[in-house]
Amino acid sequence: MKPHGHGQAPRRPNIGITPDFSANRPDSPFPYYELKVPYADAVLRAGGLPFVLPYSDELACVDAYLDRISGLLVTGGAFDIPPEAYGETAREGMGPLKLSRTAFETALMRGALKRNMPVLGICGGMQLLNVVLGGTLHQDIGREVKGAHEHEQKHDRTHPQHPVDVKDGTLLAEALGKGQLMVNSTHHQAAQRMGAQVVVSAVSPDGVVEAIESTQYGFALGVQWHPELMLNTVPVHVGVYRLFIQKAREHRR
Numbered sequence: 029m030k031p032h033g034h035g036q037a038p039r040r041p042n043i044g045i046t047p048d049f050s051a052n053r054p055d056s057p058f059p060y061y062e063l064k065v066p067y068a069d070a071v072l073r074a075g076g077l078p079f080v081l082p083y084s085d086e087l088a089c090v091d092a093y094l095d096r097i098s099g100l101l102v103t104g105g106a107f108d109i110p111p112e113a114y115g116e117t118a119r120e121g122m123g124p125l126k127l128s129r130t131a132f133e134t135a136l137m138r139g140a141l142k143r144n145m146p147v148l149g150i151c152g153g154m155q156l157l158n159v160v161l162g163g164t165l166h167q168d169i170g171r172e173v174k175g176a177h178e179h180e181q182k183h184d185r186t187h188p189q190h191p192v193d194v195k196d197g198t199l200l201a202e203a204l205g206k207g208q209l210m211v212n213s214t215h216h217q218a219a220q221r222m223g224a225q226v227v228v229s230a231v232s233p234d235g236v237v238e239a240i241e242s243t244q245y246g247f248a249l250g251v252q253w254h255p256e257l258m259l260n261t262v263p264v265h266v267g268v269y270r271l272f273i274q275k276a277r278e279h280r281r
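Using the numbering used here, you'd call the opening residue of the sequence shown number 29 and step up by one each time.
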C-alpha cells in the first residue's frame, strides 16, 4: 500500500457485517434482512467501510465474500446457537433458533479465521466465536449461573447496566484500557467452557464471562455487550471498533 500523503485519510478497509433475518413481517410477504444502524455507524466512525453480507449456503460464495473484505463483524440478535453445535442438547430456558443464519455465520467465521482475518463478535457473535473455537455456552444464565445478576436490561440500551473488569495485557485492554468499565447488557446466554487457546478478557462481578479473545489468531475478539450503542453515551467504547478497523487495515497491506 502506498503511504498516504499529507492530510489524506488512511484507506478504509472493507468490513463485512452479518445481518439478522426476519422471516415473517405483517407488512410484507417477503422475508427481510435487518441490521441495526449503529453497527454500520460504528464501523464508519472507526474508519472502516461497511458491507452487509446476505446469507448463502454455498462455500464458494462465502469465499468470494472473504476475498473482498478485510475484517468480519458478526452481530447479535434475539436468538440462540443450537446446542448441538457445542455437543449438547437443549435444556430449559433455550430461546429461538435461526439455523440458516448460524450456519452462514459459522462458515464465514471459520473461513475468516483460516485466513487470519480480523474477526469481531458482538453479543451473540461472541458466543458463536467461543463455539467455533471449541467452547460451550450457558444456555440460560438465570438457570445455570448461581447468583447471577440481571443481564437483560430493561432500560435504554444506550446506557450501561453493570461493570466489567477488563484484564490487563489483553487486546481488549489495548482497545479500552484495563480495569473497571461500565457496559450495557442484553443477553441470556454466556460462554461457559472456553474454546482452545481462548482467553477471558473481561468478567462481570457475578463471574459471567463478558469478553473473550483467541491467542491463536492476530485478532479474534468477542464482547458480550453492544459498544456500538454507547458511542455517544460512553464514548470510550468506540475503541473496540477502532482497534478492529486498525487490524483490518493492516491485514490487507
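A virtual CB, placed ideally from N, CA and C, is assigned to each residue, including glycine.
Straight-line measurement puts the Cα of E116 at about 44 Å from the Cα of R39. The beta-bridge partner set that DSSP reports for Q208 consists of D193. Following the DSSP letters along the chain, one finds A276 in no beta strand (DSSP E) but inside the alpha helix (DSSP H) bounded by residues 266–279. Nearest C-alpha to P47 among A37, E86, I97, L101: L101. DSSP places F132 in the helix class (H, G or I) of the three-state scheme. With a cut-off of 8 Å on Cβ pairs, the region 126–138 is not in contact with the region 232–247, counting fewer than three such pairs.
Of the residues assessed, S232 falls on the buried side of the cut-off, its CB having 16 or more other CB atoms within 10 angstroms.
Shown here, D184 sits in coil according to DSSP, grouped into three states, outside any helix or strand. Straight through space, the alpha carbons of P110 and Y61 are spaced by roughly 21 Å. Straight-line measurement puts the Cα of H279 at about 34 Å from the Cα of H190. If you look at D55, you'll find it isn't in any beta strand (DSSP E); DSSP assigns it neither H nor E.
Taking each of L141, A113, K182, E202 in turn and checking the Cα distance to V159, the smallest one comes out for A113.
Non-local C-beta neighbours of V264 in its own chain, meaning closer than 8 Å and more than five positions away in sequence, comprise L204, G205, L209, ordered along the chain. Beyond the five residues adjoining it in sequence on each side, D196 comes within less than 6 Å, by CB distance, of K206 in the same chain, given in chain order. Taking C-beta separations shorter than 7 Å and ignoring five residues to either side along the sequence, the partners of N42 in its chain run L77, F79, R96, I97, S98, following chain order.
Restricting attention to beta strand (DSSP E) runs no shorter than 3 residues, the region 66–151 encloses them at 77–80, 99–102, 147–150, ordered along the chain. Secondary-structure assignment with DSSP links N42 through a beta bridge to L77.
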